[in-house]
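A short write-up of the structure that comes next.
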Amino acid sequence: MIESILGGILLFSLKLILMKKYYFILLSILIYSCSEDESSVSEELPPENNFSTEIFFSEYIEGTSFNKALEIVNLTGENIDLEAEAYSIKKQSNGAGDWMGEVILQGNIAHNSTFVIANESADISEITSKSNQLKTGAPLDFNGNDPVGLFKDGELIDIIGTHNNSVDFAKDQTLRKKKSITEPSIEYNFEEWEIFEMNTVDGLGSY
Numbered sequence: 452m453i454e455s456i457l458g459g460i461l462l463f464s465l466k467l468i469l470m471k472k473y474y475f476i477l478l479s480i481l482i483y484s485c486s487e488d489e490s491s492v493s494e495e496l497p498p499e500n501n502f503s504t505e506i507f508f509s510e511y512i513e514g515t516s517f518n519k520a521l522e523i524v525n526l527t528g529e530n531i532d533l534e535a536e537a538y539s540i541k542k543q544s545n546g547a548g549d550w551m552g553e554v555i556l557q558g559n560i561a562h563n564s565t566f567v568i569a570n571e572s573a574d575i576s577e578i579t580s581k582s583n584q585l586k587t588g589a590p591l592d593f594n595g596n597d598p599v600g601l602f603k604d605g606e607l608i609d610i611i612g613t614h615n616n617s618v619d620f621a622k623d624q625t626l627r628k629k630k631s632i633t634e635p636s637i638e639y640n641f642e643e644w645e646i647f648e649m650n651t652v653d654g655l656g657s658y
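This is the structure in structure tokens:
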């Protein structure tokens, strides 16, 4: 009789131990599964948007005769009314003297889009057809030694060429901003630009 009771107790204890092990294994599987789900969700989340703080020059065409154009790109994440926010362009003639020939930019530039301003007398049709604004004379009569500045409410925010320097930085060339550069700068760095031969206009208006 006692042996039977002891055997029953032993069997019950053994079942209890096995059940604890089973539930422990089941709980471990559930915890692992939940952590995997959280990991996959976090991996699927899109990265934070890295927008630019300002618009900036993205292309510069210094071609033959009046074939001059400037492209500006907007990577700020917002649509911008250029005239309402007082954006303008000026040049420094031969890298000396005051900024001059101010032209107020007119129109809107959507996020991830470009705005092209060019010399109205350009004889390369792709320049005028891709332009959002046309202007005769300064500052769209620049040469390769005339620094060109992008201004906002009278303050310089971006530049092509070195201010107060008459060195030819882009004579008879097309410059395109490298895609790795996403911010304007008030100091010109030629290493931020790709250089193309004179009258290269195939990339104008796209970024």
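The numbering of the sequence shown is my numbering, which starts it at 452 and goes up by one.
Where a beta carbon is used, it is the ideal one built from N, C-alpha and C, also for glycine.
Small disclaimer: the values here were computed from a predicted structure and weren't measured.
Of the residues the options, the one placed nearest residue i, counting alpha carbons only
{"i": "Ala-627", "options": "Glu-510, Ile-610 and Asn-518", "result": "It is worth fixing the name first, because residue 627 is Arg in this sequence and not Ala. When each option's Cα is compared against that of Arg-627, the closest is Glu-510."}
{"i": "Pro-598", "options": "Thr-587, Val-618, Glu-606 and Gly-605", "result": "Val-618"}
{"i": "Leu-591", "options": "Ile-506, Phe-647, Thr-613 and Gly-552", "result": "Gly-552"}
{"i": "Asn-596", "options": "Lys-581, Glu-606 and Thr-613", "result": "Thr-613"}
{"i": "Ile-540", "options": "Ser-516, Val-567, Asn-640 and Gly-548", "result": "Val-567"}
{"i": "Asp-653", "options": "Glu-638, Ile-637 and Ile-575", "result": "Ile-575"}
Nearest-angstrom beta carbon gap, residue j and residue i [assumed within contact, 8 Å]
{"i": "Thr-625", "j": "Thr-651", "result": "4 Å"}
{"i": "Leu-526", "j": "Ser-503", "result": "4 Å"}
{"i": "Lys-583", "j": "Gly-558", "result": "The identity of residue 583 in the sequence shown is Asn, whereas the question assumes Lys. The pair is a contact, with the Cβ atoms about 5 Å apart (cut-off 8 Å)."}
Cβ shell of residue i (< 6 Å), same chain only, five flanking positions each side left out
{"i": "Pro-498", "result": "A caution first: Pro-498 carries a pLDDT of 43, below 50, which makes its placement in the model too unreliable to give a value."}
{"i": "Pro-635", "result": "Glu-505, Phe-507, Ile-608 and Asp-609"}
{"i": "Gly-514", "result": "Met-649 and Asn-650"}
{"i": "Ala-573", "result": "Phe-517, Asn-518 and Thr-579"}
{"i": "Glu-642", "result": "none"}
Residues bridged to residue i (per DSSP)
{"i": "Lys-603", "result": "Tyr-538 and Glu-606"}
{"i": "Ser-532", "result": "Note that residue 532 corresponds to Asp in the displayed sequence, not to Ser. Bridge partners of Asp-532: Asn-559."}
{"i": "Asn-518", "result": "DSSP lists no partner for Asn-518."}
{"i": "Asn-570", "result": "Lys-586"}
Spatial neighbours of residue i in its chain, beta-carbon cut-off 7 Å, leaving aside the 5 residues before and after
{"i": "His-585", "result": "The residue you asked about is not His; residue 585 is Leu in the sequence shown. The residues are Ala-569, Glu-571 and Thr-579."}
{"i": "Trp-644", "result": "Leu-626, Arg-627, Lys-628 and Lys-629"}
{"i": "Ile-646", "result": "Gln-624 and Leu-626"}
{"i": "Val-524", "result": "Ile-506, Phe-507, Ser-509, Thr-565 and Tyr-658"}
Distance CB(residue i)-CB(residue j) smaller than 8 Å
{"i": "His-562", "j": "Glu-522", "result": "no"}
{"i": "Glu-534", "j": "Ile-555", "result": "yes"}
{"i": "Glu-673", "j": "Lys-581", "result": "Nothing about residue 673 can be read from this structure; the chain reaches only from 452 to 658."}
{"i": "Leu-655", "j": "Ile-512", "result": "yes"}
{"i": "Ser-519", "j": "Phe-593", "result": "Correcting the residue type first, residue 519 is Lys in the shown sequence and not Ser. Yes, these two residues count as a Cβ contact at 8 Å."}
{"i": "Gly-546", "j": "Asn-640", "result": "no"}
Close-in-space but distant-in-sequence residues of the same chain around residue i (CB under 8 Å, 5 per side omitted)
{"i": "Ser-657", "result": "Thr-565"}
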